[in-house]
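Here the structure is laid out as structure tokens; the discussion comes afterwards.
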């Protein structure tokens, strides 16, 4: 079964946009989550990226990321409440605990943990949408002129890790098919088999790369570069410009500018300590609304639902 | 039925265990009264009326402060940035920040982590720390730390008489009246009170820190060798000489090295100075002072006000 975060080609605006535009747009929404501590804006950033994912047809990725993000958020709230004693409003005294010392659960520590958790959840949804909607090959191709070897390494990883995951799933299925009386497959045996298979595959990949001349320097020594792909592929550079790019760049810029302006005029007045101050100003509402509306940008009337959704 | 009864019994036992371990809802029961003082410039000016209030089981220095004044914090609530709008910053090129003392001692932990057990004297001071980043002990919380101890436990007090003569008896009397448990000199863990002229006290390692300046001792005073005698010099907030006292001057100051017990100095340039210093040991004359010099019956708080930025 395909991972919910795996890229699925599509014809929507986000999938069709060039990688730079898509990354800038999604990055702007995630950046808001890191710029602000206001729960209203953080929630808006989460809703914004979730809407962007929904509009792009990546519902499955959004749902999976929300499940993971909110679970992580709950964990962060619980840990923060236990390890941070600060805050005026003591809700619960747990006395002296081993390693933790004196533990007072305060409303402020819970609020601070919720803010950190909300930020983590919004970032996870943002990365899930990116992973599901932005073609990794196009991202790597865009990065190749900047860091050729890194792009090659990332390209190999992006292919070999899913292959290893598929191998593991197949091995588990095979072990189950041996019947209920068979001894269960131990984790160590599975890891051993996967490692051996991965090493075999790595040797094959290295041989293939060598055969295709990836280790050779360019004939044009003056350029001093490394030949990473057949020269003909260079011509495709610039081919993937999209009519949606301007839209994503513009909205990303609006989101960033609004967030920075809001920060300057005091839209982020939230403080957890020493007592919780919501800092809910009209400017906070404006920033939150802009961020939520930005999530609708990938929407297109009549967008066909993707098979993975 | 049996299963639900078992669950109820287990829950009851868990609650009883938690209650026995000191757990509970809310801030908890009262543990006694604590006092709060907020000043600036080494205690020169009170910024809020002194407060005495009952502390709860869960109270910390930060919680008591937050209940009584308006504060802003940094670093996730761990550091007090401003009190009643007066914020830590550079003024005239000199760094100013808020520092707190409990029972006259600089705290080894942050205000949010300092638990209160009742009886503590909390003092917040906004000061220039260009000359000394760490003033580890001060005298203005008298009769603390002698009466109730420090850092959660009570400690005995050892008066070490180094040529102090009759002044030693006066110091012992004042300490006893203040509620100190007096013990023999050299007792482990005891608060040390050194009494005697500076020429004798300077042989003690803790007292000798005074000769290395405020950065080492936290005391804004020094004794200058004036050929056959020592003259007391008061230093200003920048650690520069601010006032020369005569040969009859006395000094009451406190210092502390790392986690060792605090050391009080009751000293002077001469026997007369030591007598004058011993006479200062009472609440009214030491209150809100980091250290005090005395000459001709006149008390001078240290450091000497240098008229820095306000």
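Residue numbers (my numbering), protein chains in the order written: chain A, 1 to 309; chain B, 310 to 619.
We put the beta carbon where it would ideally sit given N, CA and C, even for glycine.
Could you round the C-beta distance between residue i and residue j to whole angstroms and report it? I think they count as a contact, below 8 Å.
| i | j | result |
| --- | --- | --- |
| residue 242 of chain A | residue 16 of chain A | 5 Å |
| residue 574 of chain B | residue 503 of chain B | 5 Å |
| residue 694 of chain B | residue 566 of chain B | Limits of chain B in this structure are 310 at one end and 619 at the other, which puts residue 694 of chain B out of reach. |
| residue 528 of chain B | residue 562 of chain B | 4 Å |
| residue 417 of chain B | residue 439 of chain B | In fact, because the Cβ distance is near 23 Å, the residues do not count as touching under 8 Å. |
| residue 551 of chain B | residue 506 of chain B | Not really, about 22 Å apart at Cβ, beyond 8 Å. |
| residue 10 of chain A | residue 300 of chain A | Not really, about 10 Å apart at Cβ, beyond 8 Å. |
| residue 132 of chain A | residue 58 of chain A | 4 Å |
| residue 24 of chain A | residue 249 of chain A | 6 Å |
| residue 82 of chain A | residue 103 of chain A | 6 Å |
DSSP on residue i, reduced to helix/strand/coil?
| i | result |
| --- | --- |
| residue 409 of chain B | strand |
| residue 213 of chain A | coil |
| residue 507 of chain B | helix |
| residue 98 of chain A | coil |
| residue 528 of chain B | coil |
| residue 108 of chain A | helix |
| residue 495 of chain B | coil |
| residue 91 of chain A | strand |
| residue 534 of chain B | strand |
| residue 539 of chain B | strand |
| residue 610 of chain B | strand |
| residue 275 of chain A | coil |
| residue 177 of chain A | coil |
| residue 300 of chain A | coil |
| residue 125 of chain A | helix |
| residue 604 of chain B | strand |
| residue 20 of chain A | helix |
| residue 333 of chain B | strand |
| residue 143 of chain A | helix |
| residue 501 of chain B | strand |
| residue 41 of chain A | helix |
| residue 134 of chain A | coil |
| residue 103 of chain A | strand |
| residue 66 of chain A | helix |
| residue 248 of chain A | helix |
| residue 263 of chain A | helix |
| residue 184 of chain A | coil |
| residue 80 of chain A | helix |
Judging by CA-CA distance, which residue of the options is the nearest neighbour of residue i?
| i | options | result |
| --- | --- | --- |
| residue 272 of chain A | A/57, A/76, A/89, A/139 | A/89 |
| residue 477 of chain B | B/501, B/350, B/514 | B/501 |
| residue 40 of chain A | A/116, A/210, A/154, A/253 | A/116 |
| residue 386 of chain B | A/109, A/191, A/123, A/94 | A/109 |
| residue 366 of chain B | B/388, B/425, B/415 | B/425 |
| residue 66 of chain A | A/78, A/79, A/50 | A/50 |
| residue 380 of chain B | A/276, A/293, A/280 | A/276 |
| residue 449 of chain B | B/496, B/320, B/364, B/597 | B/597 |
| residue 188 of chain A | A/201, A/125, A/182, A/172 | A/172 |
| residue 498 of chain B | B/357, B/509, B/443, B/572 | B/572 |
| residue 538 of chain B | B/526, B/524, B/578 | B/578 |
| residue 554 of chain B | B/344, B/456, B/422, B/535 | B/535 |
| residue 510 of chain B | B/468, B/606, B/395, B/548 | B/468 |
| residue 564 of chain B | B/546, B/519, B/352 | B/519 |
| residue 466 of chain B | B/388, B/480, B/422, B/490 | B/490 |
| residue 44 of chain A | A/5, A/29, A/194 | A/29 |
| residue 281 of chain A | A/263, A/298, A/135, A/102 | A/263 |
| residue 568 of chain B | B/600, B/463, B/414, B/341 | B/414 |
| residue 393 of chain B | B/374, B/486, B/411, B/531 | B/374 |
Residue i: buried (16+ other C-beta within 10 angstroms of its C-beta) or exposed?
| i | result |
| --- | --- |
| residue 453 of chain B | buried |
| residue 347 of chain B | buried |
| residue 232 of chain A | Residue confidence is low: residue 232 of chain A scores 49 on pLDDT, short of 50, so the model does not pin down where it sits. No coordinate-derived value is stated. |
| residue 338 of chain B | exposed |
| residue 436 of chain B | buried |
| residue 397 of chain B | buried |
| residue 409 of chain B | buried |
| residue 150 of chain A | exposed |
| residue 18 of chain A | buried |
| residue 445 of chain B | buried |
| residue 296 of chain A | exposed |
| residue 459 of chain B | buried |
| residue 544 of chain B | buried |
| residue 462 of chain B | exposed |
Residues of chain D with CB under 7 Å from residue i, in chain order?
| i | result |
| --- | --- |
| residue 87 of chain A | The displayed structure is made up of protein chains A and B, and chain D is not among them. |
Legend entry - Every unbroken beta strand (DSSP E) inside the region 339-392 of chain B [3 residues or more]: 339-349, 354-365, 380-383, 388-392
Legend entry - Continuous beta strand (DSSP E) assignments of at least 3 residues falling wholly in the region 396-484 of chain B: 398-400, 403-411, 430-437, 466-470
Inset, instruction - Mind listing, in chain order, the continuous beta strand (DSSP E) runs of no fewer than 3 residues lying wholly within the region 542-591 of chain B? - result: 550-553, 559-564, 572-577
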